[in-house]
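Asks: If you scroll down you'll find the structure; I have some questions about it.
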Amino acid sequence: MSFEKDDSVVLHDKHSEYDGDVGTITQVMETMFGDATYTVSFEDGQETGVPEDALELADDE
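When we follow UniProt numbering, the leftmost residue of the sequence shown carries the number 1, and every step to the right adds one.
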């Protein structure tokens, strides 16, 4: 599943201080291999270079 700018997502990365937090995709970057990485903004910061498999769509509640 690919994501688009402004999608609300949950980050799953046990090494990140934002693990389990909901954020908003602010940038989509394509690697030279054709894969996408994402910049996700959170209330108090951002995470860059996030791979697709570390994200899931957030519930629209």
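Glycine is no exception: its CB is placed at the ideal position from the N, C-alpha and C atoms.
This one's a predicted model, so the numbers in the text were calculated from it and none came from an experiment.
Starting from Thr37, trace the beta strand (DSSP E) in both directions and tell me its first and last residue.
Replies: Start and end: 36-42.
Asks: Let me confirm a value: Glu47 is counted as buried when at least 16 other C-beta atoms fall within 10 Å, else exposed. Which label applies?
Replies: Its Cβ being crowded by 16 or more others within 10 Å, Glu47 is buried.
Asks: When the Cα of Lys14 is compared with those of Asp59, Ala58, Val50, which residue comes out closest?
Replies: Nearest option by C-alpha distance: Val50.
Asks: Measure from the alpha carbon of Phe42 to the alpha carbon of each residue in Phe3, Ser2, Val10, then state which is nearest.
Replies: Cα-wise, what sits closest to Phe42 is Val10.
Asks: With the cut-off set at 8 Å, would you say Thr26 and Ser8 are in Cβ contact?
Replies: It is not a contact, given that the beta carbons lie outside the stated cut-off.
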